[in-house]
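> For the sequence shown, my numbering gives the first residue as -11, with consecutive numbering after it. Take a look at the following structure, please.
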Amino acid sequence: MVSRTIGAKQGNSMGCGGMKFAVNLTVMFKEYPLLERFQAAANAGFKGVELLTLDGVHAEELAAAARKAGVEVVLFNNNMGDFLNNGLGLSGVPGRQREFRESIDESQLIAAALNVPNMHIGPSLIPKGIERDRCMEVYKENLMYAADKMEKVGAKVLLEPMNYQDMPAALLTDTEEALEIIEALGSNNLGLQFDFYHMYMNGVDLPSCLSDVIERVDHIQFSDSPGRNEPGSGEIDFLSGLKIVQQSNYGGWISAEYKPTKRTEDTLGWKALFENLNEEETQS
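This is the structure in structure tokens:
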């Protein structure tokens, strides 16, 4: 069993406004083999990391690398089937329920090994010729299966609305709908993942939206738009959104999930700027 120091659930230990930044090791620090990225993240000052995929590495090896580097694995994605290869995915696709359940059974073992507090259920697309309502029925059934299974290992199942610009056929694109689903299903083991990039691409006013939902958000990710690159490479005003987060009681992680335009370490100029908001709050 992995020590609870890796991936242990964390409250907002710094109080209101104390933001914690993590980094996605699947898309960042790719200059290094996956097992070496944990230490690279630690060297860059990160205490939390997340994983989109395990890249064929055993969860126990990843947990050991996290322990050695002194970082927490704070989130991983459930197996998304063929989604990353331009397929439909698993989470809300009729006819793929068995494959989805098998993926959750596997994720239960992964979550236990990593001692991770959150699992993203993964997106899916609406197949041609299938009604959205039918896909949503399957999605909700799958969510309940996942919530029940993952609760046994202390991992919360997160829904993340996608953007309809990049994925016109995405099943879930609306934050309010995601919250309605969570409320309707009535499970305490379902939560919301908020992505700055996806919401910006949907035309959402980020500060306004965050003001409405931040008290119900469990995990935050960010990248700039267009391009999904590092902050400062595009159009998103991150500081206005982060000030809403900082002024709230949000105690989760805020994770960089972008494609670096150059060496990862050379794209981290945003980190000091974002963390300075914590210092400003302390001094005010």
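Glycine residues also receive a C-beta, built at the ideal position from the N, C-alpha and C atoms. This structure is a prediction, so every number in the text was calculated from the model and none was measured.
Say whether the segment 96 to 106 touches the segment 63 to 74, bearing in mind that this needs 3 or more beta-carbon pairs closer than 8 angstroms, one atom from each stretch.
Yes, they touch.
> Answer yes if the segment 169 to 182 comes into contact with the segment 194 to 205, meaning at least three C-beta pairs across the two stretches below 8 angstroms, and no otherwise.
yes
> Spell out a yes or no on whether the segment 53 to 64 and the segment 106 to 119 are touching, meaning 3 or more CB-CB pairs, one atom from each, closer than 8 angstroms.
Proximity of the segment 53 to 64 to the segment 106 to 119 meets the contact definition, three or more beta-carbon pairs being nearer than 8 angstroms.
> Taking contact to mean 3 or more Cβ pairs, one atom from each stretch, closer than 8 angstroms, check whether the segment 46 to 56 and the segment 240 to 252 are in contact.
no
> If I follow the unbroken beta strand (DSSP E) through D361, where does it start and stop?
For residue 361 there is no data in the structure shown, the boundaries of the chain being -11 and 272.
> Output the boundary residues of the alpha helix (DSSP H) element that contains M227.
It should be noted that the sequence gives Leu, not Met, for residue 227. In the DSSP assignment, L227 falls within the alpha helix (DSSP H) that extends over F226 to Q234.
> If we call anything under 8 angstroms between Cβ atoms a contact, is L13 one with A51?
no
> At a cut of 8 angstroms, does the segment 219 to 228 reach the segment 23 to 33 through at least three beta carbon pairs?
no
> Within the same chain, show all residues whose beta-carbon is closer than 8 angstroms to that of K56, passing over the 5 residues directly before and after it, in chain order.
F26 and Q27
> Return yes when the Cβ of T163 is within less than 8 angstroms of the Cβ of M124, no when it is not.
no
> Leaving out five residues before and five after S79 in sequence, what residues of the same chain have Cβ atoms less than 7 angstroms from its Cβ?
F88, I109, G110, P111, S112, Y127 and N130
> Determine the DSSP secondary structure at L167, reduced to helix, strand or coil.
helix
> Assuming Y152 contacts N176 (C-beta within less than 8 angstroms), just tell me the rounded distance between them.
In this structure Y152 is not in contact with N176, their Cβ atoms being roughly 29 angstroms apart against a cut-off of 8 angstroms.
> Output yes if chain D places a C-beta closer than 8 angstroms to the C-beta of Q85; else output no.
No chain D appears in this structure, which consists of one protein chain only.
> Report, in whole angstroms, the separation of the C-beta atoms of I114 and A157, which I expect to be a contact under 8 angstroms.
5 angstroms
> For the putative contact between A58 and A30, defined by C-beta atoms under 8 angstroms, what is the C-beta separation to the nearest angstrom?
Sequence inspection shows Gly at residue 58; the Ala mentioned does not correspond to that position. About 6 angstroms separates the beta carbon of G58 from that of A30, a gap short enough to meet the 8 angstroms contact definition.
> Which residue's Cα is closest to the Cα of E263: D93, L230, P248 and I169?
L230
> With which residues is L39 paired in a DSSP beta bridge?
In the DSSP output, where bridge partners are listed per residue, L39 has F64.
> Kindly indicate which residue of L198, H207 and I169 has the alpha-carbon position closest to the one of E38.
H207
> If you draw a straight line from the C-alpha of L40 to the C-alpha of V15, how long is it?
8 angstroms
> From V11 to L72, what does the alpha carbon distance come to, in whole angstroms?
20 angstroms
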